[in-house]
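Chains R and Y, in that order, give the protein sequences. Counting in the working numbering, the first sequence runs from 1 upward without gaps. Counting in the working numbering, the second sequence runs from 114 upward without gaps. All residues carry an ideal CB built from backbone N, CA and C; glycine is no exception. Given the structure is predicted, the values throughout are model-derived calculations rather than measurements. First the structure, in the form of structure tokens, and then the observations on it.
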Amino acid sequence: DAGVIQSPRHEVTEMGQEVTLRCKPISGHNSLFWYRQTMMRGLELLIYFNNNVPIDDSGMPEDRFSAKMPNASFSTLKIQPSEPRDSAVYFCASSFQPGGEQFFGPGTRLTVL
Amino acid sequence: AQSVAQPEDQVNVAEGNPLTVKCTYSVSGNPYLFWYVQYPNRGLQFLLKYITGDNLVKGSYGFEAEFNKSQTSFHLKKPSALVSDSALYFCAVSVINTDKLIFGTGTRLQVFP
């Protein structure tokens, strides 16, 4: 099993540009989570899906952030327009059962100049 | 509301000595508790979990954790620390009736040779 796959691993962009982060969960897992990690705020849950349906997006910072899960094997997190304060490491995770352990991807390090 | 606290930002221990990383929780109902480890520039890795049963849970890499209901604690332990155990450790609790995990702020473990 390849684990959770995220792309790109690193992204450097300029303020105002659109950024799209991608995630492929572990096959058979039915929950998918997007997190953001910064030194100042630690690990924050942005949104999670169950069976491709968004369940809780209360952690999404503002309307500039959006997430989709068009099928069980793919999800995107989009920031438009990006701002320097969005610079962080973004993690995707998936889990097989409610309340079960989550498996994290390697993360995407985003730098917005 | 569920919450988890890691009171120590950093723990320093000499190689070969026992280590403890502390975690306390606040939940309504029976908790599902987790420990994760994060190595530099990597995603979080699952170490162990407590759901029910024996209060002493054994996990990966020789780690174990003790669930103490009266003290609402779930401390991570290892009898003999290795330099390679140096990493960031997160305690987490599941949110009842959801797939969400609430993570602590993390404790940096530094094992000195």
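For residue i: DSSP bridge partner residues
i                     : result
residue 44 (chain R)  : R:36
residue 136 (chain Y) : Residue 136 (chain Y) is not bridged to any residue.
residue 7 (chain R)   : R:22
residue 221 (chain Y) : Y:123 and Y:201
residue 77 (chain R)  : R:21 and R:67
residue 169 (chain Y) : Y:179
residue 13 (chain R)  : R:112
residue 50 (chain R)  : R:31 and R:53
residue 207 (chain Y) : Y:214
Same chain, Cβ closer than 6 Å to residue i, neighbours up to 5 away in sequence not counted
i                     : result
residue 75 (chain R)  : 23, 32 and 69
residue 109 (chain R) : 10 and 89
residue 196 (chain Y) : 128, 224 and 226
residue 51 (chain R)  : 30
residue 115 (chain Y) : 140, 206, 208 and 215
residue 191 (chain Y) : 132, 175 and 176
Outcome for residue i when other beta-carbon atoms lying within 10 angstroms are tallied against a minimum of 16
i                     : result
residue 4 (chain R)   : buried
residue 119 (chain Y) : buried
residue 146 (chain Y) : buried
residue 2 (chain R)   : exposed
residue 113 (chain R) : exposed
residue 36 (chain R)  : buried
residue 86 (chain R)  : buried
residue 184 (chain Y) : exposed
residue 101 (chain R) : buried
residue 97 (chain R)  : exposed
residue 167 (chain Y) : exposed
residue 198 (chain Y) : buried
residue 151 (chain Y) : buried
residue 175 (chain Y) : exposed
residue 182 (chain Y) : exposed
residue 60 (chain R)  : buried
residue 126 (chain Y) : buried
Sequence-distant residues of its chain with Cβ nearer than 8 Å to residue i (five each side left out)
i                     : result
residue 165 (chain Y) : 143
residue 228 (chain Y) : One cannot answer for residue 228 (chain Y) here, as it falls past the ends of chain Y, which runs 114 to 226.
residue 73 (chain R)  : 24, 25 and 27
residue 105 (chain R) : 3, 4, 5, 6, 23, 91, 92 and 93
residue 138 (chain Y) : 115, 116, 117, 118, 144, 146, 185, 186, 187, 204 and 206
Contact belief for residue i with residue j at Cβ below 8 Å, rounded distance in angstroms
i                     : j                     : result
residue 12 (chain R)  : residue 78 (chain R)  : In fact, because the Cβ distance is near 17 Å, the residues do not count as touching under 8 Å.
residue 229 (chain Y) : residue 217 (chain Y) : Only positions 114 to 226 of chain Y appear in the structure, and residue 229 (chain Y) is not among them; the question remains open.
residue 173 (chain Y) : residue 131 (chain Y) : Rounded, the Cβ-Cβ distance is 17 Å, inconsistent with contact.
residue 95 (chain R)  : residue 212 (chain Y) : 6 Å
residue 17 (chain R)  : residue 82 (chain R)  : 6 Å
residue 149 (chain Y) : residue 187 (chain Y) : That belief does not hold up - the Cβ atoms of residue 149 (chain Y) and residue 187 (chain Y) are roughly 12 Å apart, past 8 Å.
residue 117 (chain Y) : residue 189 (chain Y) : Contact doesn't hold; Cβ gap of about 12 Å is too wide.
residue 34 (chain R)  : residue 46 (chain R)  : 4 Å
First and last residue of the uninterrupted beta strand (DSSP E) at residue i
i                     : result
residue 67 (chain R)  : 65-71
residue 94 (chain R)  : 88-95
residue 179 (chain Y) : 177-181
residue 109 (chain R) : 108-112
residue 118 (chain Y) : 116-118
residue 158 (chain Y) : 157-163
residue 186 (chain Y) : 186-191
residue 102 (chain R) : Run containing residue 102 (chain R): none; DSSP gives neither H nor E here.
residue 150 (chain Y) : 146-151
7 Å CB neighbourhood of residue i in its chain, flanking five on each side removed
i                     : result
residue 8 (chain R)   : 108
residue 122 (chain Y) : 220 and 221
*Please name the residues in the stretch 143-155 of chain Y whose beta-carbon is closer than 9 Å to at least one beta-carbon of chain B, in chain order.*
Reference to chain B is not applicable here, since the protein chains of this structure are R and Y.
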